[in-house]
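A.B. asks: Here it is, the structure, as structure tokens.
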Amino acid sequence: MIKITTIALTVAVLVSASAANADTFEDFEDGNFEGWTTTGTVAINSNKAIGNYSMRLKGGATAQRSFNADGSVTVQLAATSLETNNFCDVYVSEDGVNWGASLINLNKNQDNGTFSSATTTTNGGMTYIRYVQTGSAADYCYADGISIIDAGTPLPTAELSGNGSFGSVVIGESATKSFLISNAGNADLQISAINGVSAPFSLINNNCSNATVSPQQACSFDVSFAPTQAQTFNANMLIVNNDADISLPLVGTGASEVIEPPQPSGELHQFSGNGNLARSELSLAVLNGNSLNMMDFSHYSHGTSELNADSSNAAEPSNTFQGRLVLNNGNPTTMNFSERTSGRGQAGNYNSPDALPAFDFEFVQVGSHIIPKQRGLIVSGNIGAPDYQDWNYILEPGRVWNETSDNGYSRAAIPFALQENQANCTHTGIITFAFKDDGSITNAAVQIGGETCLYFQYDLWGLVDAQYVPANVAGATAIIADYEAEVASRIPTKAISELATDYPNANVNVANIASEQQSAPTTHGVYYQGVHYAATCSTRYGDYPFCEVMSLPSYSTAKTAVANFAFALLTQQDSAARNIMVSSNVSECQDNINGTDSIWSDVSVENALDMATGNYRLSSYEGDEGSTAVVNEFFLTFTHDDKIAHACERYIRKSAPNTHFSYHSSDTYIAGVAMDNYIQGDLFDKLVDEVYKPLKLSPVTYTTVRTEGSPNDPYWSHGMTWHADDMVKLALLINNNGVINGQQVLDPNIMDDMKLVGGDLGLETYGSESTYINGVWTYDMGQRSSALCPEGSWVPYMSGYGGIGIVMFPNGAVYYYVSDSGAFAFGGAEAELHKISNICGN
1 MIKITTIALT VAVLVSASAA NADTFEDFED GNFEGWTTTG TVAINSNKAI
51 GNYSMRLKGG ATAQRSFNAD GSVTVQLAAT SLETNNFCDV YVSEDGVNWG
101 ASLINLNKNQ DNGTFSSATT TTNGGMTYIR YVQTGSAADY CYADGISIID
151 AGTPLPTAEL SGNGSFGSVV IGESATKSFL ISNAGNADLQ ISAINGVSAP
201 FSLINNNCSN ATVSPQQACS FDVSFAPTQA QTFNANMLIV NNDADISLPL
251 VGTGASEVIE PPQPSGELHQ FSGNGNLARS ELSLAVLNGN SLNMMDFSHY
301 SHGTSELNAD SSNAAEPSNT FQGRLVLNNG NPTTMNFSER TSGRGQAGNY
351 NSPDALPAFD FEFVQVGSHI IPKQRGLIVS GNIGAPDYQD WNYILEPGRV
401 WNETSDNGYS RAAIPFALQE NQANCTHTGI ITFAFKDDGS ITNAAVQIGG
451 ETCLYFQYDL WGLVDAQYVP ANVAGATAII ADYEAEVASR IPTKAISELA
501 TDYPNANVNV ANIASEQQSA PTTHGVYYQG VHYAATCSTR YGDYPFCEVM
551 SLPSYSTAKT AVANFAFALL TQQDSAARNI MVSSNVSECQ DNINGTDSIW
601 SDVSVENALD MATGNYRLSS YEGDEGSTAV VNEFFLTFTH DDKIAHACER
651 YIRKSAPNTH FSYHSSDTYI AGVAMDNYIQ GDLFDKLVDE VYKPLKLSPV
701 TYTTVRTEGS PNDPYWSHGM TWHADDMVKL ALLINNNGVI NGQQVLDPNI
751 MDDMKLVGGD LGLETYGSES TYINGVWTYD MGQRSSALCP EGSWVPYMSG
801 YGGIGIVMFP NGAVYYYVSD SGAFAFGGAE AELHKISNIC GN
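Take the sequence shown: its position 807, counted from the start at 1, is 807 in this note's numbering, and no numbers get skipped.
Here it is, written out as structure tokens:
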């Protein structure tokens, strides 16, 4: 059995090298918690303890330790001052990866300071214990009384790290992959031999054959692949040892030559500098070193933003990257990590928030542009068993250039994001490295230093071992052509400061635009008269150099641009679809739920999209959405069965359909499921093919968060990712009444409703100045305290969690903002754009 993992030393500190069959205790009576890996506020405490001392956690803290023992494991835990949604938990694991449910969970009703005890059994030589405090600085958890008794016979545990896939390698050249055999057990691992590595594969730098590996230590070896002819080669590597023998297939393909990519078209920018950049960080020596600090994102690029790339002194690259970029031999990597959340810490709620998922992806280069073969959301695995993955990748096109001080290497910068698995929280980063045509490469510098995520902020950084495997990439020509078309189809863009320059008589104060979101901005912009006026993209470490491809989470703007656009597409092609009912298309949603005779049979899909099913618990417009039941049973469940059970069964009939607004993301999910079942297919894929692609949206929009397992349903209510250019185009599609390239693609009646010209304003939400219809919020600008417009001047907009909005003003201007400010007002943009032309409409 192959177990790919990191050495336990990277996860937690070992207690000692004592024999595994000795009983192990941790009672903190030595007055310290040495050996525990902690986050947040952790201290020794004498107030609540079994003996004299215990370990106290508060403010979202975590503490974790690995013990070189197994057997009967007892843990004890107490709590004080817990409030609603505050908890103390302790977890026990055999491998430090698969934690399962908490062994003890204490809530506000169990916070009397009394220690609770629980016992479980571990095998395999190691025991990992993790304490998690979920709450504020005034909530306390106390750990004490840990024992591991009657451990079994010491045993070695062999684990192999490495990737046996070599991809394509040119005949006459070679590629090398590194492997690590680690001993995660508690007895010596004896490695007799490494067999089966037959030509054209060969063992080199072999430090493992006939080696003894002590517990929690490792040995390394490399495998070289040097093909002699154009064909695929296979071998089966077998590691013979005194645990269980490990086999790993080796595969590689000999290629006659690497096909050079074509030269870039005129749409792609080319550098014109001499390469003499003033570089103060990330020199070649630093990239080849072993330590890294957080820094301004400008050091990860060629010195300027992409919008101002003409002013860069970077030179066109002398090397071309085509093939695979592999980090840490294709294994997950534990990075430097610092939580930056304001308020209650969140890191303890994740499996391994500091882990960069496995990275092994193909890229092609054209001129000074490097393009990932795989675009959009790349799912790393399940959030729970068996994968326990916290993050998914989004990879975007970046740049390649030369600097005079890099000794013939070319530098690459790849913008990317880590998006929370089964959620929309998106963390922004860049990977940079230097390479040569022959496969030479430095370490990769990785930095995450910004996000759009109201509830969880962090920095993640470090140097990671990198491997460049030059090889032909299938479909390279099409990848390049598609990217050139993507860039060519972007709306002409200027800096937002030029809005004032282009309309000098309007006296526009650009600083007033998005002033409401300035406490935590990501980006914003204005579209007017064919020009996209874009602000910079903010991070904690300066402006993001690749703002055009920054991944921006949709959150609930997807309710408009996914679920309701899909409905408008469906009804344009099938007019009867506007009247389809929920219960006849969603088997889980039937009457006689919660003791109510009629709950779904009279509810249409459009009622669900309008948040007007008549089924709710609290009458306030968002009273249900933030409840603990909704969070735990809908947002924190990840299969279709769990989500649809909550969506269909949570609420009771209180009003007739289409008479009361009650905001439920679960209603949007029901609508999406009903539409999929109605067409007996995947309506999201149809939306991508027939709306997003003709609209020239970026490839990041071609994927969405979906439920785990089968059926693999889109979330519909959230889970999309946009670029700023996409946000403008989505708004323009509404302004253009659903017409794309002269063809009516979306139902014009539904689009009229979205534009508020169909005579139906929808249902009132939080007051007379706000309504909701077909996924679009509306606001009466005439009801502001200092109104610029007469009462009845309605403006439609899309809205997303945390401070995201896309506003479609009646004068043709589009304004978007993305932030973690929690603010949704847009009066600043309204006032400034009104100076250019009358914003009130009719």
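For each residue, glycine too, the CB sits at the ideal point set by N, CA and C.
#1: Relative to the C-alpha of Phe337, which candidate in Gly40, Thr432, Asp602 and Ser587 has its C-alpha closest?
#2: Below 8 angstroms between beta carbons: does that hold for Ile378 and Leu395?
#3: Does the contact criterion of 3 or more C-beta pairs under 8 angstroms hold for the region 439-455 versus the region 415-426?
#4: Is there contact here, the region 684-691 with the region 635-652, by at least three beta-carbon pairs under 8 angstroms?
#5: Where does the unbroken beta strand (DSSP E) through Ile750 begin, and where does it stop?
#6: By the three-class DSSP mapping on this structure, what secondary structure does Lys48 have?
#7: Which of the three DSSP states, helix, strand or coil, is assigned to Pro504?
#8: Is it right to say Asp150 is buried, meaning 16 or more other beta carbons lie within 10 angstroms of its own, or is it exposed?
#9: Please classify Tyr844 as buried or exposed, where buried requires at least 16 neighbouring CB atoms within 10 angstroms.
#10: Run through DSSP, which three-state label would Pro227 get?
#11: Can you name, in chain order, every residue of its own chain whose Cβ lies under 7 angstroms from the Cβ of Met751, other than the five neighbours on each side?
#12: Does the region 218-225 come into contact with the region 127-146, if we say contact requires no fewer than three beta-carbon pairs (one atom in each stretch) closer than 8 angstroms?
#13: Tell me the rounded alpha-carbon separation between Asn21 and Phe67.
#14: Between which two residues does the beta strand (DSSP E) harbouring Leu377 extend?
#15: So Ala825 and Thr523 are supposed to be a Cβ contact under 8 angstroms. How far apart are they, rounded?
#16: At what residues does the alpha helix (DSSP H) containing Asp667 begin and finish?
#17: Within 8 angstroms of any Cβ in chain D, is that where the Cβ of Phe456 sits?
#18: Given this structure, state the Cα-to-Cα distance separating Ala829 from Ala674, to the nearest angstrom.
#19: Closest by CA to Asn210, which one among Ser192, Gly254, Glu362 and Phe225?
#20: With DSSP collapsed to three states, give me the class of Met781.
#21: Could you give the residue range of the beta strand (DSSP E) that holds Asn402?
#22: Touch check for the region 699-715 and the region 772-791: three-plus C-beta pairs under 8 angstroms?
#23: Please report the Cβ distance between Thr121 and Ser72, rounded to the nearest whole angstrom; I am assuming they are in contact, meaning their Cβ atoms lie under 8 angstroms.
#24: Do Ala143 and Ile246 have their beta-carbon atoms positioned less than 8 angstroms apart in this structure?
#25: Shorter than 7 angstroms, the distance from the beta carbon of Asn163 to the closest heavy atom of the ligand SAM, or not?
#26: Output the distance between the C-alpha atoms of Pro694 and Val728, rounded to the nearest integer angstrom.
#27: What number of angstroms, rounded off, separates the C-alpha of Ala871 from the C-alpha of Glu281?
#28: Return the chain-ordered ranges of every beta strand (DSSP E) run that is complete within the region 427-461 and spans a minimum of 3 residues.
#29: Leaving aside the five residues before and after Lys494 along the sequence, list all residues of the same chain whose C-beta is less than 7 angstroms from its C-beta, in chain order.
#30: Please classify Ala878 as buried or exposed, where buried requires at least 16 neighbouring CB atoms within 10 angstroms.
#31: Which same chain residues, not among the five before or five after Asp360, have their C-beta less than 7 angstroms away from its C-beta?
#32: Hey, would you say Ala466 sits closer than 8 angstroms to Thr432, going by beta carbons?
#33: Which one or two residues does DSSP pair with Gln64 in a beta bridge?
C.D. replies: On the basis of the coordinates in this document:
#1: Gly40
#2: For Ile378 and Leu395, yes; Cβs fall inside 8 angstroms.
#3: Yes, the region 439-455 touches the region 415-426.
#4: no
#5: Not the beta strand (DSSP E): Ile750 falls in the alpha helix (DSSP H), residues Pro748 to Lys755.
#6: The three-state secondary structure of Lys48, taken from DSSP, is coil.
#7: Residue state, collapsed to three classes: helix.
#8: With fewer than 16 Cβ atoms within 10 Å of its Cβ, Asp150 is classed as exposed.
#9: Summary: the structure shown does not reach residue 844, with the chain confined to residues 1 through 842, and so no result is reported for it.
#10: coil
#11: The residues are Ala568, Ile734, Asn737 and Gly738.
#12: Because the criterion of three Cβ pairs below 8 angstroms is not met, the region 218-225 and the region 127-146 do not touch.
#13: Unreliable placement is indicated for Asn21, whose pLDDT of 44 sits below 50; no coordinate value is reported for it.
#14: Gly376 to Ile378
#15: The pair is not a contact, with the Cβ atoms about 17 angstroms apart (cut-off 8 angstroms).
#16: Ser665 to Ile679
#17: Absent from the structure: chain D. Only one protein chain is present.
#18: 38 angstroms
#19: Ser192
#20: Note: Met781 maps to helix in three-state DSSP.
#21: Gly398 to Asn402
#22: Between the region 699-715 and the region 772-791 there are fewer than three inter-stretch CB-CB distances shorter than 8 angstroms, so the stretches are not counted as touching.
#23: 6 angstroms
#24: Contact flag unset, no.
#25: Here there are no bound small molecules, and the ligand SAM is not part of this structure.
#26: 15 angstroms
#27: Only positions 1 to 842 of the chain appear in this structure, which leaves residue 871 out of reach.
#28: 444-452
#29: Val531 and Tyr533
#30: The question about residue 878 has no answer here: the residues shown for the chain are numbered 1 through 842.
#31: Asn163, Arg324, Val326 and Gly330
#32: no
#33: Thr37 and Arg130
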